[in-house]
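**Q**
Number of protein chains: 2
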Amino acid sequence: MPNHRFTKDLPFSDAEYWRRLIKTRAAMAQQGLDALWVTDPSNMAWLTGYDGWSFYVHQGVLVLPDADPIWWGRNQDSNGALRTVWMDDDRAIGYADHFVQSTERHPMQDLAGRMADLGLGKARIGVELDNYYFSAKAFMTLQSELPHAALIDVTALVNWQRGIKSEEELVFMRRAAKISEKIIAGLIERVEPGVAKNAIVAEIQRDAILGADGHWGDYAAIVPLLPSGSDAAAPHLTWDGEPFKTGEATFFEISGCYRRYHVPLCRTIHLGKPSDIFVRAEAALLEGLESGLDAARAGNRACDIAVALAAPLERAGIERGARCGYPIGLSYPPDWGERTISLRADDETVLEPGMTFHFMPGLWMSDWGLEITESILITEDGPAQTFCDVPRNMFIKP
Amino acid sequence: MPNHRFTKDLPFSDAEYWRRLIKTRAAMAQQGLDALWVTDPSNMAWLTGYDGWSFYVHQGVLVLPDADPIWWGRNQDSNGALRTVWMDDDRAIGYADHFVQSTERHPMQDLAGRMADLGLGKARIGVELDNYYFSAKAFMTLQSELPHAALIDVTALVNWQRGIKSEEELVFMRRAAKISEKIIAGLIERVEPGVAKNAIVAEIQRDAILGADGHWGDYAAIVPLLPSGSDAAAPHLTWDGEPFKTGEATFFEISGCYRRYHVPLCRTIHLGKPSDIFVRAEAALLEGLESGLDAARAGNRACDIAVALAAPLERAGIERGARCGYPIGLSYPPDWGERTISLRADDETVLEPGMTFHFMPGLWMSDWGLEITESILITEDGPAQTFCDVPRNMFIKP
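Listed in order, the protein sequences are those of chains G and S.
Residues 1 to 398 (my numbering) make up the first sequence, in order.
Residues 1001 to 1398 (my numbering) make up the second sequence, in order.
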């Protein structure tokens, strides 16, 4: 019987969490690890259910081969862990507040002491050297406090376990997709010359959080991106209070989010008659998307999608130079990608049913940009399924 | 004459950026640094104006004693740098996309090569070992690629330069304060038993981004936090689709944001008649806030605020155990604090005019929580000024 003081509303079944833990332990065993220290908040949540905006302080989950994971974080956030993780209450451990942003003490000193108490002083411990929120200082402190432990770089080890989605996860992603559809529909209706960009973002965020089909909306791991005209050459600009203008294209990169699961979608709205450059680029991009979707089949490789996309673009004289997609699912800021596979020419990862990607061939040229994308599911057979049902074209408004 | 291909809408005057650079260079000189590698996106923006949601890949700003800073990041994001930084266009350098999330290459290899080309191969280079987004792997790669350079930990060096706000910055913060006031007014009007939490957050986000007083709203570095009832023991829970309930208190931690400048504010709404515990806690907290504001004077120390707050709380039997505030200003996710001073008993930093804090004495007990806070400005004389004008009490609605 679980020992829980609080009623919990876990997103997933016990079986789903066990599936994840067993998979992760198998990967640990392959690396000969005695323990795994997970700091990426997306990995923490995927393994334990932990959900809170506390990743601005040091925290993590310790995965062990033969005992339930341990959540470790700031004392005040252990209250959040007690309410959101599936483990027994005694698996949530807090550190004292005087470790927070101190120049004399580091939270990793507390963690190292606890690891030593668990007999891990001479263990092989996997750490995420290049995942979010595990700072260089955190690593160095942990290593100096546990001088006889071997800290092994297992960046993205857990991320890789997340690649193939379960049916439970796909239910969440389909709910997120409905939110993305709603956001794009609102954009097509509302964007007009003279309307201020922030006024449009206000409605995007409202639509995103109101949710769709009776399901509430969560915050996306990235804010809406919507550069216009020449600025659309820069993929990651946010917004200001300037109006949309006739003669300019704006791409909108957004994602609905349901309980941390994302289904991003991008569409471009052109106000006024587009130039020949846009018309030709759109045609080539749509052909490339179609080819890429057809190549996105179980048994093919990630690079096959990239190569299929590139051919019609090259025929139109467009060289992209950037990857054209990444896996998606559960995420926390600053990224909604899973940071494992990249859809690009040198990635030969074999596609498997249940993998999910944002197929994202953004065109960012020196002074214009165009984004038309699809979030996709690799199926048992046939081309990829798109999560969203939104007309796949550049929207032209007078 | 500056060499800029694009028209820019820099948030601040040239004089303001020079003030910042000169201050930072003086701090570098004190540490004997030949160069400073800045990865914290808030520090990057404060020094150069760079603004984009690209901090999910490796990037940074190189500050030099005798030449303009260099922005370095992913190729596609150099388009964003060209449009947002004050330096000449040739000071924005991009790295090739095949470095992104590669297991064979690391972006720091590109950076190290460029540093070597600048003659920094044997230099003393400051790095932010415990700031955001500088991963352990990034540090180790940089060190191994520049084996003769000394990488010196200067975590928070730039953050400390940001503490005292200029008049230009205070203008932005006052605009953010108006947005915070508007958000809280909306909450007091809209929160009712039976209303879903996500529906309220949808309106918070809409109000935040519509802005106030004719100024547009930016995204805050933290999403709204609004746990209810027992969950309010956990400070960093976000929301779901459950309704607000009679008999429960909910605290709302929000921040208006104008061009990345934050003025957070928290208020608590109690639906139905509050218990004696809440009534007594509110009275003690208000007394503590009043005492703390009075202690928040130039010449006093950070700890004086914490001690002044603690006395009435202790008399009411409330021991907090967490710091009661932090500096605020320009920020990017995941935190809107500046991570330098902490308002707590062992921080003896002397308060100076122009410093700005979120005085944040949240009460997170084992099964209830109460937040009533103020964002404040330390003035030349007298007690701190509050940025917002919102009744300082727990709001009780039937």
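By construction, the Cβ of each residue, glycine as well, lies at the ideal position given by its N, Cα and C atoms.
So which of G163(G), T7(G), G32(G) has the shortest CA-CA distance to I152(G)?
**A** What you label residue 152(G) is simply residue 152 of the first sequence in a count that begins at 1. Of the candidates G163(G), T7(G), G32(G), the one whose C-alpha sits nearest the C-alpha of I152(G) is G32(G).
**Q** In whole angstroms, what is the alpha-carbon distance linking M1360(S) and L1286(S)?
**A** Along the second sequence, one-based indexing puts residue 1360(S) at 360. Along the second sequence, one-based indexing puts residue 1286(S) at 286. Taking the straight line from one Cα to the other gives about 12 Å.
**Q** Could you tell me whether the segment 78 to 87 of chain G touches the segment 1228 to 1247 of chain S, using the rule of 3 or more Cβ pairs below 8 Å?
**A** Touching, yes.
**Q** To the nearest angstrom, how far is the alpha carbon of A283(G) from that of P312(G)?
**A** Sequence index remark: in the first sequence, residue 283(G) carries index 283 (1-based). Sequence index remark: in the first sequence, residue 312(G) carries index 312 (1-based). Answer to the nearest angstrom: the Cα atoms are 9 Å apart.
**Q** Applying a beta-carbon distance threshold of less than 8 Å, which residues of chain G neighbour N1300(S)?
**A** To locate residue 1300(S), count along the second sequence from 1; it is residue 300. Near N1300(S) there are no residues of chain G at all, since even the closest Cβ is about 20 Å away, more than 8 Å.
**Q** Tell me which same chain residues have a C-beta within less than 7 Å of the C-beta of V390(G), skipping the five on either side of it?
**A** Within the first sequence, numbered from 1, the residue matching residue 390(G) stands at position 390. The answer, listed in chain order, is E181, I184, L265, R267.
**Q** Distance, Cα to Cα, D1240(S) vs E1203(S)?
**A** One-based indexing of the second sequence puts residue 1240(S) at position 240. One-based indexing of the second sequence puts residue 1203(S) at position 203. Roughly 14 Å separates the two Cα atoms.
**Q** Rounded to whole angstroms, what's the CA-CA distance from S1366(S) to A221(G)? Just pull it up for me.
**A** Reading the second sequence from its first residue, position 366 is the one you call residue 1366(S). Reading the first sequence from its first residue, position 221 is the one you call residue 221(G). Roughly 30 Å between the two C-alpha positions.
**Q** Determine the contact status of D1088(S) and H1004(S), defining contact as a CB-CB distance below 8 Å.
**A** If you number the second sequence from 1, residue 1088(S) lands on position 88. If you number the second sequence from 1, residue 1004(S) lands on position 4. A contact, by the Cβ cut-off of 8 Å.
**Q** How many Å lie between V100(G) and M1355(S) at the Cα?
**A** Here residue 100(G) refers to the residue found at position 100 of the first sequence. Here residue 1355(S) refers to the residue found at position 355 of the second sequence. Taking the straight line from one Cα to the other gives about 21 Å.
**Q** If we count the other Cβ atoms within 10 Å of its Cβ and call it buried at 16 or more, is G73(G) buried or exposed?
**A** For the purposes of this step, residue 73(G) is taken as residue 73 along the first sequence, with counting starting at 1. It counts as buried.
**Q** Thinking V1191(S) and I1269(S) are a contact (beta carbons under 8 Å), I'd like their distance in whole angstroms, please.
**A** On the second sequence, residue 1191(S) is found 191 positions in, with the first residue counted as 1. On the second sequence, residue 1269(S) is found 269 positions in, with the first residue counted as 1. The pair is a contact, with the Cβ atoms about 5 Å apart (cut-off 8 Å).
**Q** If we require 4 or more residues per run, which alpha helix (DSSP H) segments fall completely within the segment 52 to 90 of chain G?
**A** As far as the segment 52 to 90 of chain G is concerned, its whole alpha helix (DSSP H) runs of at least 4 residues are 75 to 84.
**Q** May I ask you to verify whether the segment 20 to 39 of chain G touches the segment 143 to 162 of chain G, counting CB pairs closer than 8 Å and requiring at least 3?
**A** Verdict: yes, contact present.
**Q** Looking at the unbroken beta strand (DSSP E) that takes in W1037(S), where does it start and where does it end?
**A** The residue given as residue 1037(S) occupies position 37 in the second sequence. Run containing W1037(S): 1035 to 1038, per the beta strand (DSSP E) assignment.
**Q** Anyone know if the C-beta pair for Y258(G) and A176(G) falls short of 8 Å?
**A** Reading the first sequence from its first residue, position 258 is the one you call residue 258(G). Reading the first sequence from its first residue, position 176 is the one you call residue 176(G). Cβ distance < 8 Å, so Y258(G) and A176(G) count as in contact.
**Q** May I ask you to list the residues that DSSP assigns as paired with I1152(S)?
**A** Residue mapping note: residue 1152(S) aligns to position 152 of the second sequence, counting from 1. Bridge partners of I1152(S): G1126(S).
**Q** So the alpha helix (DSSP H) S144(G) belongs to, where does it begin and stop?
**A** Walking along the first sequence from the start, residue 144(G) turns up at place 144. Segment 136 to 145, the alpha helix (DSSP H) holding S144(G).
**Q** Based on the DSSP output, what are the partners of H467(G) in its beta bridges?
**A** Residue 467(G) is absent from the structure shown; chain G starts at 1 and stops at 398.
**Q** Any idea what DSSP makes of F251(G), helix, strand or coil?
**A** Residue numbering aside, residue 251(G) sits at position 251 when the first sequence is read from its first letter. F251(G) falls in the strand class under three-state DSSP.
**Q** Return the CA-CA distance between G1325(S) and R1344(S), expressed in angstroms with no decimal places.
**A** Here residue 1325(S) refers to the residue found at position 325 when the second sequence is read from its first residue. Here residue 1344(S) refers to the residue found at position 344 when the second sequence is read from its first residue. Cα to Cα, G1325(S) sits roughly 8 Å from R1344(S).
**Q** Considering V1263(S), what are the terminal residues of the beta strand (DSSP E) in which it resides?
**A** Taking the second sequence and counting its residues from 1, one reaches residue 1263(S) at position 263. 1261 to 1271 is the span of the beta strand (DSSP E), which, as asked, contains V1263(S).
**Q** Can you list, in chain order, the residues of its chain whose CB lies under 6 Å from that of G1049(S), leaving out five sequence neighbours each side?
**A** Walking along the second sequence from the start, residue 1049(S) turns up at place 49. Within the same chain, G1049(S) has close Cβ partners L1010, T1084, V1085, W1086.
**Q** When you compare the CB positions of Y1261(S) and G1329(S), do they come within less than 8 Å of one another, or not?
**A** Start at 1 with the first residue of the second sequence, and residue 1261(S) comes out as number 261. Start at 1 with the first residue of the second sequence, and residue 1329(S) comes out as number 329. Yes, the Cβ-Cβ distance between Y1261(S) and G1329(S) is below 8 Å.
**Q** Just the C-alpha distance for P193(G) and E242(G), rounded to the nearest angstrom, thanks.
**A** Position 193 of the first sequence holds residue 193(G). Position 242 of the first sequence holds residue 242(G). Using only the alpha carbons, I get a separation of about 11 Å.
**Q** If you draw a straight line from the C-alpha of Y17(G) to the C-alpha of I1305(S), how long is it?
**A** On the first sequence, position 17 is the one that residue 17(G) refers to. On the second sequence, position 305 is the one that residue 1305(S) refers to. Approximately 45 Å between the Cα atoms of the pair.
**Q** What in chain G is Cβ-close to K1008(S), meaning under 7 Å?
**A** Residue mapping note: residue 1008(S) aligns to position 8 of the second sequence, counting from 1. Those do not exist, as K1008(S) stays about 11 Å from chain G at its closest Cβ, beyond 7 Å.
**Q** Using 8 Å as the threshold, is the C-beta distance between I372(G) and A296(G) below it?
**A** What you label residue 372(G) is simply residue 372 of the first sequence in a count that begins at 1. What you label residue 296(G) is simply residue 296 of the first sequence in a count that begins at 1. Not in contact: I372(G) and A296(G) (Cβ atoms no closer than 8 Å).
**Q** Distance cutoff 8 Å, beta carbons only. Does E76(G) sit that close to anything in chain S?
**A** In the first sequence, the residue the question calls residue 76(G) occupies position 76. In the sequence as presented, Glu is not what sits at residue 76(G); that position holds Gln. At least one chain S Cβ lies under 8 Å of Q76(G).
**Q** Quick one: what's M1355(S) bridged to in DSSP?
**A** Translated into the one-based positions of the second sequence, residue 1355(S) becomes position 355. DSSP lists I1164(S) as partners of M1355(S).
**Q** Would you tell me roughly how many angstroms separate the C-alpha atoms of L1351(S) and F1012(S), rounded to the nearest one?
**A** Reading the second sequence from its first residue, position 351 is the one you call residue 1351(S). Reading the second sequence from its first residue, position 12 is the one you call residue 1012(S). If you take the alpha carbons of L1351(S) and F1012(S), they lie about 25 Å apart.
**Q** Please report whether the beta-carbon of Q1109(S) lies at a distance below 8 Å from any beta-carbon of chain G.
**A** Within the second sequence, residue 1109(S) is the residue found at index 109, counting from 1. No, Q1109(S) does not count as interfacial toward chain G.
**Q** Consider the Cβ of P333(G): report whether some Cβ of chain S lies at a distance smaller than 8 Å.
**A** Here residue 333(G) is taken as the residue at index 333 of the first sequence, counted from 1. Closer than 8 Å to some Cβ of chain S, the Cβ of P333(G) qualifies, so yes.
**Q** For G206(G), which residues in chain S fall below 8 Å Cβ to Cβ?
**A** Here residue 206(G) refers to the residue found at position 206 when the first sequence is read from its first residue. Inspection of the sequence shows that residue 206(G) is occupied by Arg rather than by Gly. In chain order: A1202, E1203, Q1205, R1206.
**Q** For a quick check, are the C-beta atoms of T1349(S) and A1302(S) less than 8 Å apart?
**A** Counted from its first residue, the second sequence places residue 1349(S) at position 349. Counted from its first residue, the second sequence places residue 1302(S) at position 302. Contact flag set, yes.
**Q** Taking only beta carbons into account, state which residues of the segment 1132 to 1152 of chain S come closer than 8 Å to chain G, listed in chain order.
**A** Listed by position, the residues of the segment 1132 to 1152 of chain S near chain G (Cβ gap below 8 Å) are Y1132, Y1133, F1134, S1135, A1136, K1137, A1138, F1139, M1140.
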